[in-house]
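> First to last, the protein sequences are chains B and W. Quick note: the numbering used here has the first sequence finishing at residue 196, numbered continuously throughout. Quick note: the numbering used here has the second sequence finishing at residue 66, numbered continuously throughout. The beta-carbon is built from N, C-alpha and C at its ideal position, and this holds for glycine as well. As the structure is a prediction and not an experimental result, all values here were calculated from the model.
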Amino acid sequence: MKYDTDKKEIILDKELNELDKYVLEFIKILEKHVDYVIISGYVSILLGRSRSTEDIDLFIKRLDKNKFSDLYKDLIKNKYWCLNAEDSEEIYDYLINNFAVRFAKKDETIPNFEVKFPKNRLDEDAFEDHITVILPMGRLKISSLERQIAFKRYYLKSNKDLEDAKHVEHIFKDKIDIEKIYKYKRVLEPYEKTNP
Amino acid sequence: MKKLIPKRDNKEDRINFVEYWAEYVKTHPDKEWSRQQNRLIDSQIQNTKQIKLNREDYLKMKKEQI
């Protein structure tokens, strides 16, 4: 695994698993219509964490109703469905109102893609700050490693999230900007989440 | 690679393993660690295909029923 911090690229010569293939297939459709960035658990898994997940979280840039309708039609054409609703306008309304919506392969529920619009400046920064992961069969945009660590460690904070943060930090410790993690920490503190 | 030293506390032991595995990933070729990771992930995906969970029940389970 090679991380070029100047180019913001990670070259990953891994054997792809079913989850990676599933993500690449979905992203191939999505990116024809809208910019995206993958966040949270799948980022750690892509980078080698020894666990799986049932959902892949991602932000898509805000787009208008018509463009969303084109994206939705393309997903339907490629045998995906939305778990939350079937009508394009209804799904769009959820997104506009800051709900995440889930897409999976038709008649399946997991794994699924939890898609949401960025709801504040912090979320929007994930796009500008993204890293491109170059895989043998495609490319994926993921959130910055510092953001990944900070959200997991200082906001989400479950055991699983703390372990995800530890994994990413250990692998890239020589290349991570510690000050940037603390900057995120300071921003996240007012939004502190309490886990059950 | 250093040997994995067992810890008494479960949480501590898990973190210990996370660090051990991360070191393995860092020091071994991508193809080598990913082959092992894939066994875990692919078997889970196969298992989920056996469980027919409809979308209403899934969203209810996630407390996202709308």
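Please work out which residues of its chain come closer than 8 angstroms, Cβ to Cβ, to Leu24(B), disregarding the five sequence neighbours upstream and downstream, and give them in chain order.
So the qualifying residues of the chain are Leu16, Leu135, Met137, Gly138 and Leu140.
> Are any of the Cβ atoms in chain W nearer than 9 angstroms to that of Ala33(B)?
The amino acid occupying residue 33(B) in the given sequence is His; Ala does not appear at that position. False, the Cβ-Cβ gap to chain W never drops below 9 angstroms.
> Would you verify that the beta carbon of Ser144(B) is, or is not, closer than 9 angstroms to some beta carbon of chain W?
It does not: the Cβ of Ser144(B) has no partner Cβ on chain W nearer than 9 angstroms.
> Helix, strand or coil for Leu162(B)? Go by DSSP, reduced to three states.
If DSSP states are grouped into helix, strand and coil, Leu162(B) belongs with the helices.
> List the residues of chain B that Ile15(W) touches, going by C-beta distances under 8 angstroms, in chain order.
Residues of chain B passing the Cβ test: Leu162, Glu163 and Lys166.
> Tell me where the alpha helix (DSSP H) around Arg121(B) begins and ends.
Residues Arg121 to Glu128.
> I think Val43(B) touches Ser143(B), with their Cβ atoms under 8 angstroms apart; what is that distance to the nearest whole Å?
Indeed they touch by this definition, with Cβ atoms about 6 angstroms apart.
> Identify the continuous beta strand (DSSP E) that holds Gly138(B) and give its terminal residues.
That run of the beta strand (DSSP E) goes Gly138 to Ile142.
> Against chain B, which members of the segment 23-38 of chain W pass a CB distance test of less than 7 angstroms?
Under the 7 angstroms Cβ criterion, the segment 23-38 of chain W contributes Glu23, Val25, Lys26, Asp30, Lys31, Trp33, Ser34, Arg35, Gln37 and Asn38.
> Using alpha carbons as the reference points, say which of Asp4(B), Ile178(B) and Asp164(B) lies closest to Thr198(B).
Residue coverage of chain B in this structure runs from 1 to 196, which leaves residue 198(B) outside it and unanswerable.
> Work out the CA separation of Lys7(W) and Met1(W) for me, nearest whole Å.
Roughly 18 angstroms separates the two Cα atoms.
> Name, going along the chain, the residues of the segment 6-37 of chain B whose beta-carbon falls closer than 7 angstroms to a beta-carbon of chain W.
Residues Leu12, Asp13, Lys14, Glu15, Asn17, Glu18 and Leu19.
> Among all the DSSP beta bridges, which residues are the ones paired with Trp21(W)?
According to DSSP, Trp21(W) bridges with nothing at all.
> For the alpha helix (DSSP H) containing Thr48(W), list its first residue and its last residue.
Asp30 to Gln50 is the span of the alpha helix (DSSP H), which, as asked, contains Thr48(W).
> Against chain W, with Cβ distances strictly below 9 angstroms, would Thr132(B) count as a contact?
No, Thr132(B) does not count as interfacial toward chain W.
> Under 8 angstroms Cβ-Cβ, which residues of chain D neighbour Lys63(W)?
Looking for chain D here will not work: the only protein chains present are B and W.
> Please work out which residues of its chain come closer than 6 angstroms, Cβ to Cβ, to Asn120(B), disregarding the five sequence neighbours upstream and downstream, and give them in chain order.
For Asn120(B), where only same-chain residues beyond five positions count, there are no Cβ hits under 6 angstroms.
> By DSSP, does Pro196(B) sit in helix, in strand, or in coil?
Low per-residue confidence applies at Pro196(B): pLDDT is 45, beneath 50, and the placement is therefore not dependable enough to give any value.
> What is the C-beta distance between Lys152(B) and Leu162(B), in whole angstroms, given that I count them as a contact (C-beta under 8 angstroms)?
About 7 angstroms; that satisfies the 8 angstroms criterion.
> Could you tell me the alpha carbon to alpha carbon distance between Asp9(W) and Trp21(W), rounded to whole angstroms?
If I take the Cα positions, the gap works out to 18 angstroms.
> Report the start-end ranges of each alpha helix (DSSP H) in the segment 11-97 of chain B that is 4 residues or longer and not cut off at the edges.
Entirely contained in the segment 11-97 of chain B, the alpha helix (DSSP H) runs reaching 4 residues are, in chain order, 18-30, 41-46, 65-77 and 88-96.
> Using three-state DSSP, classify Glu9(B) as helix, strand or coil.
In this structure, Glu9(B) counts as strand in the three-state DSSP scheme.
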